[in-house]
Every structure is written in C-alpha cells, then in structure tokens.
Amino acid sequence: MSNVFTIPVVLGIIYSGLRLATPYLYAAIGEAFAQNSGVYNLGVDGIMLMGAFSGFYVGMKTGNLWWGLLAAMGVGLLMGLLMAVVSVTLKAEQGISGIGLYMFGLGLSSLLFKKTMSGVESISGFQPVRIPLLGNIPYLGDVLFNHNLLVYGAFLLVPLASFILYKTPFGLMIRAVGQNPQAADTLGINVDRIRYITVSLGGMLAGIAGASLSISLINLFQENMTSGMGFIAIALVYFGSWRPLGILGGALLFSFVNALQLWLQVLGVNFPYDFAVMLPYAMTILALAISVRRAAMPDALGKPFERGEF
Amino acid sequence: MKSVLSRLLMLVVLVALLLSACGPAATPAPTQAPEKPLRVAIVMPSSITDMAFSQGMYEALVKVQQEMGGPSKMEIAYSENMFKVPDAAAAIRDYASQGYDIVIAHGSQYGTSLAQIAPEFPNTTFAWGTATDTFADQGIKNVFAYNPSAEQGGYVLGTIAALMSKTGVLGVCGPVEAGDAKTYVDGFKYGAEQARPGVKVQVTYTGSFSDVSLMAAAAETHIAAGADMLTGSSQSVVGAIGVAKEKGAKWFGQQWDQTSLAPDIVVASQVYDYTSIIKDMIAKRKAGTLGGVAYTLTLANGGLTIKYNDRVPVPPEIKAKADEVIKGIIDGKINPLP
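Which chain is which? The protein sequence lines are A and B, in order.
The opening position of the first sequence corresponds to residue 1 in our numbering, with each subsequent residue numbered one higher.
The opening position of the second sequence corresponds to residue 1001 in our numbering, with each subsequent residue numbered one higher.
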C-alpha cells in the first residue's frame, strides 16, 4: 500500500475531492440554515435538479453563465418559498411536504428538459481562475487554487455561514427560533418570518448546488442527474451537528474517500470494487456513529409553531 | 351492493367473451376492414434521450415504425425513467392488460417481474433484455430475450484505442459490473492488450448507472493517472465525456453513437441496432410464435456496428487493423473475451 500514495495521487485526490464536495456544501449549508430554525426540507434534491436545469438552460440560451446562475438562485428561492408556505404557514407535516417537493422538482425538471431540448448537450461552464500568488505555490497551487468560482464560493460559504449563525443577531434569532420558538416569540421575534427567510435561503443555496453541477463541474443537464445527492446533503447536516464547520468536515470526508476509492481502482490495487464503492458511505456512517452530538439538534426541529401553545 | 356489481361485471365479461368468440365465425371476413395497427409498448430505466441504453431501443422502434408506414400501422407507447423495478412491473402489467401486442421490458433488472406477468397474458408477446433467458424452462412461451455481445465491439474499440494512445494508458469508466457493461469492459480491455502488449488499461466502476458526478470524477482520475483514451458504459458517461472534452482526451462511445455530445473527441462508437430483432419478433408474432427465441446482437448479424466520427480521423493503418479484427470476430477466429 505504501507505494499507492505518491505525490500525484495525493494531489489528484485533493483536486477531485474538492470538486466532488462543492454541490454538497451548498446544499447542506442551505439545509443547515433551515434546520437551525426548526424546519427540515427533504426536497433539497428536487430543488437541486430544478436549479441544475434552469442554470443550464438559461446559461445556454443567453450565452451568459451568470444569468444561468441567477436563474438557478431564483428558481431555488421560489421552491424554498413554496416549502415555507406549506410547512410554516399551512403547518403541513414537513417530511411529507419535503418528499412532495422532491418529486415535483424531479418530475418538472425532466419534463422541461424534454420539452425544451432534443437531448443531452454540453456547454462550456465557468472556467478555472488561478488565484494570484497562491496559485503559484508548487504542487498545491494547482489543486487548491486553480478552480472555478463556484468551487471557491462553496468553501467561502462555510466561514460566512458560521459567522452569520454564531456571530450576528440574525443568527441568534435563527437558533432561538429553532430551539424554543415560544420563548423567541415572547421576545418579539417573528418566528414565521425567520423560518420563511431560512427555508427560502436554503432553497436558493440548493439551487446553486444544482447549478454547480450543470454549469461549473459537469457542464450538462441530464434527467435526475443529482441521483440523490440532495439526500446525502441532508445527512451531512446531521453529520456536522448542524454547524457549517462540521458539515465541511463531513463533505470533505465523504468526497475525499470517494476520490480515493476511484484512485484505488485506477491504480489496480487488488481490492473488490464493490467494497471501494461502499467505502465513502461506510466511513461516513462510522464517523457519524462516533461523532454525532444528539444534543446539538434544534429542539423544535420538525415541529410547526403554534402561537401560545405551551 | 358489491355482489350486484360483481355479478354485473361477470355478465359483461361473459358477454364480451361470447361476442369475441363468435365474432370471427359470424363474419368470415373477406372484407377489407382497415387493419388495426400493431401496438408496441416499452418500459425502460432511463430516458429516450439518454444517448445510451434506452435511446438505442427507442430509436430502433421509431425506425421500424417508419418502415412499416407510420403510426397508423404501428403504435408506440413508452414509459421512461422506470428505475424502480416495482413501478416498471406495474407499467408492464398495465400495457399488457390494455391489449398491447408487444411489450418490451428493456432492462435486465425487470426479468423476475416479467416471469410472473407473462403467463397471465398468454396472447401478448413480451421481450426483455439484456438477457438470454426466455423462461422456456418455466413453461413460458411468450417471451423473447435479447442480448448484445457487447464484448465484440469492445474488443474492436479497445484495439483502436490502444493503437492510437500516445501515453499507452487507457481509462474505462464502468457503471455496475454486470450485464453488457461488464462484457463491454472486459472485451475492451482484452482487445487493447492483444493489440498492444504492455498497454495499461485502468478500469473503474462507480456502482451506479446514473451517478453522473462520480462518473465525471472517475474520468478526471483516469486522466490524472495518464490515460489519453477513455471509454465507458451507461447513461451516466455523459459526465465522463464532459471531462474528457475539457481535458482533451479522446472518447470511445458504447451503446449509442455519442459523437454529437463531443464532436471533437469521440473517435468511434459501438452502436446497438435493434431494428432487425424487432422486425423478426413482429414477423414471428404474425406467424403465430409469441416468444421463445433468445436473440443476440453481433457484428456478424448487424446488430452491432462500429460507427466512426469523420471529425476525428483514425490513421488508415489503425483502421485497417480494426477492420481485420472485425472480420476475425465475424469469422470466429478471434474470441473477444479472454
């Protein structure tokens, strides 16, 4: 095994791992905002698909990827808003409405794809931008600082989300609403409004997650192209104990192990491929079993807020 | 109330049976009533535009339909994205009970369900693949099976890839180690190794037919490890083709002509052509045989073809070698699997 981890292999794992982690980071951090305020949205995968389609379609038609990204954000925001209406205002069972939203996104993105395009086409997505100075570091510059903007964005989102959640009054309100909405309400915080904002923001980030696939990493749209990534993103929120840094750890673990197992196969390490494919999931479950802090779960997660209900 | 309803229903069924039994006898029918169109239904795991497995079958049906004279002669109904087997089984049963003449279950994962459904509809022709079992040993007589010998084209493409490669490293992006994906990959690897001893063929499997993202990462890994010629199987390879395009590697298509996805890098594709087996099934059904034949798509019977892309020229001596290999496989002199 010692000869497996040569420098090019380690660099390759880092490069692919960062790319694989990108959509998970957007989707999971968006979900973390929603869950910290007490709403879990199982429709992330459906929003990602709609984001992937609208980003791709608008980007292709206008020839401007920024319009595509904006469209993906807008569509994600609207779908998040829809989830908020159903789960916050109408107080529907969150699990079921989330699954409904997932199926809606899966079906609608496939339908739109079929009606607007004759088949799978690829476009030229966001190009890698080498960061000055840092990009010139030998070895690491290429794998760490020569990515496209959406990849950088995903990693910058982690400290930003941490800051918002833990260092701003708004973040305090989000967590208060998720831990004890009644108490927050008596302090004059508008519980429903906070939840509307977080669920919509989560939807917008899920939209970007989808677009990161279709206009920055894979650069095409195919029906059901996420194949369940949104659900893994939700699992990562639990894995990360609802903290952006924890989510980053989970996303990197999952992605690096995935990149590693591909390298093991490429290098012809004598190792059944079934086991290699299982590895990222097995590692994630293992780490989850060891590390998860149940106490970190927002107390009001999944519970609709009724005023004056104690 | 319920019993009244069920009696009524029984009566209706009886009358219908009687009528249908009497029908042909009462009218010996030399009259030229417009012939009812042949009704064909297909259930498939991905979409009709997947550039791979499902599109190949769908386009073959459309081609046969055109040759027969359009929708008035042959009706096509389809259900796509039936990646969940219970959903697919329900769709297969629905089509059969709606009186479709031929119902195609396009996926080896549908076999078990089909073996249960087929005996209930003895007048319907069923077909499934990729498979070789017509369930004749279970006494079922109305099921056809079809199986592409994917290793044949794999061997040919492996030969071309090995001879064209500058680095001497080839990357194969496999989905699940099963069915025609496995035989294709094995044939490709063997063909490459026979054509150029010492060539390195790296094989990965993602464990999924649909995970585009992981397939793209697999292609990235192959290229980082030195591969300059890539291939793969299943609808998820579109992700790998995108990466190959970005990084300037060449691609060899499988199941369907994948040139349109990346016209500058696709060298050649193995294309499945189901038209002849569809026509044969229709002819057999007309002659009263509803199943029992296991078809194989091969280079010899035209079910498999190698399609080159004019925009990525293959050097003439390599093309000549490929033709020689194709001939060898057709003649049976070359066995495409080790």
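C-beta atoms are modelled at their ideal positions from N, C-alpha and C, and glycine is treated no differently.
Along chain A, in chain order, which residues have C-beta atoms closer than 7 Å to that of residue i?
| i | result |
| --- | --- |
| residue 1218/B | 262 |
| residue 1079/B | Residues of chain A passing the Cβ test: none, with the nearest at roughly 13 Å. |
| residue 1239/B | 218 |
| residue 1210/B | 224 and 227 |
| residue 1158/B | By Cβ distance, chain A contributes nothing, its closest Cβ being about 17 Å from residue 1158/B, past 7 Å. |
| residue 1242/B | 122, 218, 219 and 220 |
Please list the partners that residue i has in chain B, where partner means a Cβ-to-Cβ separation under 9 Å.
| i | result |
| --- | --- |
| residue 12/A | 1220, 1221, 1224 and 1225 |
Could you compute how far the alpha carbon of residue i sits from the alpha carbon of residue j?
| i | j | result |
| --- | --- | --- |
| residue 1333/B | residue 149/A | 54 Å |
| residue 86/A | residue 170/A | 23 Å |
| residue 66/A | residue 59/A | 7 Å |
| residue 1046/B | residue 1155/B | 26 Å |
| residue 192/A | residue 267/A | 53 Å |
| residue 1043/B | residue 1088/B | 6 Å |
| residue 4/A | residue 1097/B | 57 Å |
| residue 73/A | residue 128/A | 21 Å |
| residue 178/A | residue 47/A | 23 Å |
| residue 143/A | residue 14/A | 7 Å |
| residue 1021/B | residue 1113/B | Any reading at residue 1021/B is ruled out, since the residue's pLDDT is 46, under 50, leaving its predicted position unreliable. |
| residue 175/A | residue 156/A | 21 Å |
| residue 1050/B | residue 1038/B | 26 Å |
| residue 180/A | residue 252/A | 32 Å |
| residue 23/A | residue 1326/B | 44 Å |
| residue 90/A | residue 81/A | 12 Å |
| residue 1065/B | residue 1182/B | 31 Å |
| residue 1102/B | residue 1212/B | 32 Å |
| residue 1305/B | residue 1187/B | 15 Å |
| residue 204/A | residue 83/A | 12 Å |
| residue 1301/B | residue 1153/B | 13 Å |
| residue 188/A | residue 97/A | 28 Å |
| residue 94/A | residue 78/A | 17 Å |
| residue 21/A | residue 247/A | 10 Å |
| residue 1056/B | residue 303/A | 49 Å |
Who does residue i pair with in a DSSP beta bridge?
| i | result |
| --- | --- |
| residue 1127/B | 1104/B and 1144/B |
| residue 1268/B | 1252/B and 1308/B |
| residue 1202/B | 1171/B |
| residue 1229/B | 1170/B and 1250/B |
| residue 122/A | 220/A |
| residue 1041/B | 1077/B and 1103/B |
| residue 129/A | 147/A |
| residue 1297/B | 1148/B |
At 9 Å on the CB atoms, spell out the chain A contacts of residue i, in chain order.
| i | result |
| --- | --- |
| residue 1207/B | 273, 274, 276, 277 and 278 |
| residue 1177/B | 273 and 274 |
| residue 1203/B | 265, 266, 268 and 273 |
Can you name the residues of chain B whose CB is closer than 8 Å to the CB of residue i?
| i | result |
| --- | --- |
| residue 229/A | 1213 |
| residue 20/A | 1213, 1214 and 1217 |
| residue 110/A | 1047 and 1081 |
Would you mind telling me which residues of chain A sit closer than 8 Å to residue i, beta carbon to beta carbon, in chain order?
| i | result |
| --- | --- |
| residue 1229/B | None at all; the shortest Cβ gap to chain A is about 14 Å. |
| residue 1193/B | Result: empty, since nearest Cβ-Cβ is about 13 Å, beyond 8 Å. |
Strictly below 7 Å CB to CB, what residues from chain B border residue i?
| i | result |
| --- | --- |
| residue 146/A | Here the premise fails: no neighbours, minimum Cβ distance about 13 Å. |
| residue 270/A | The premise fails here: residue 270/A is roughly 13 Å from chain B at the closest Cβ pair, so nothing lies under 7 Å. |
| residue 16/A | 1217, 1220 and 1221 |
| residue 119/A | 1049 and 1051 |
| residue 132/A | Near residue 132/A there are no residues of chain B at all, since even the closest Cβ is about 23 Å away, more than 7 Å. |
| residue 298/A | In chain order: nothing, as chain B lies at least about 30 Å away. |
| residue 138/A | Near residue 138/A there are no residues of chain B at all, since even the closest Cβ is about 17 Å away, more than 7 Å. |
Return yes when the C-beta of residue i is under 7 Å from any heavy atom of the ligand MG, and no when it is not.
| i | result |
| --- | --- |
| residue 1313/B | Ligands are entirely absent from the displayed structure, and the ligand MG is therefore not among its contents. |
Please confirm if residue i has its CB atom under 8 Å from at least one CB of chain E.
| i | result |
| --- | --- |
| residue 181/A | Of the protein chains in the structure, A and B, none is chain E. |
### Query
Per the contact definition of three or more C-beta pairs closer than 8 Å, is the stretch 40–56 of chain A in contact with the stretch 199–215 of chain A?
Contact between the stretch 199–215 of chain A and the stretch 40–56 of chain A is present, because at least three Cβ pairs lie under 8 Å.
### Message
Residues of the stretch 1288–1304 of chain B in Cβ contact with chain A at a cutoff of 8 Å, in chain order, please.
### Response
Closer than 8 Å at the C-beta level to chain A, one finds no residue of the stretch 1288–1304 of chain B.
### Query
Given a limit of 7 Å on CB to CB distance, which residues of the stretch 1271–1284 of chain B reach chain A?
Among the residues of the stretch 1271–1284 of chain B, none has a Cβ less than 7 Å away from any Cβ of chain A.
### Task
Specify whether the stretch 230–242 of chain A and the stretch 1189–1199 of chain B touch according to this definition: at least 3 beta carbon pairs, one from each stretch, less than 8 Å apart.
When C-beta atoms of the stretch 230–242 of chain A are compared with those of the stretch 1189–1199 of chain B, fewer than three pairs fall below 8 Å, so the two segments do not count as touching.
### Query
Of all the residues that make up the stretch 210–237 of chain A, which are near chain B by a beta-carbon distance shorter than 9 Å?
Answer in chain order: 213, 217, 218, 219, 220, 222, 223, 224, 225, 226, 227, 228 and 229.
### Query
Taking any Cβ of chain B, which residues in the stretch 243–259 of chain A have a Cβ under 7 Å from it, in chain order?
Of all residues in the stretch 243–259 of chain A, only 258 and 259 come within less than 7 Å of chain B when Cβ atoms are compared, listed by chain position.
### Message
Closer than 8 Å between beta carbons: that is the criterion. Which residues of the stretch 1244–1272 of chain B meet it against chain A?
### Response
Against chain A - using a Cβ distance shorter than 8 Å - the residues of the stretch 1244–1272 of chain B are 1245, 1246, 1260, 1261 and 1262.
### Task
Check distances from the C-beta atoms of the stretch 1040–1068 of chain B to those of chain A and list, in chain order, the residues that come in under 9 Å.
So the list reads 1046, 1047, 1048, 1049, 1050, 1051 and 1055, given in the order they occur along the chain.
### Query
Which residues, in order along the stretch 1086–1113 of chain B, keep a beta-carbon less than 7 Å from a beta-carbon of chain A?
Cβ contacts with chain A: none found.
### Three-pair Cβ contact test at 8 Å for the stretch 1244–1255 of chain B versus the stretch 34–43 of chain A
They do not touch, by the three-pair rule.
### Message
Taking contact to mean 3 or more Cβ pairs, one atom from each stretch, closer than 8 Å, check whether the stretch 1228–1236 of chain B and the stretch 1163–1175 of chain B are in contact.
### Response
With a cut-off of 8 Å, the stretch 1163–1175 of chain B and the stretch 1228–1236 of chain B count as touching, because enough Cβ pairs lie within range.
### Task
With 7 Å as the limit, tell me which residues of the stretch 162–177 of chain A have their beta carbon closer than that to any beta carbon of chain B; keep them in chain order.
Residues: none.
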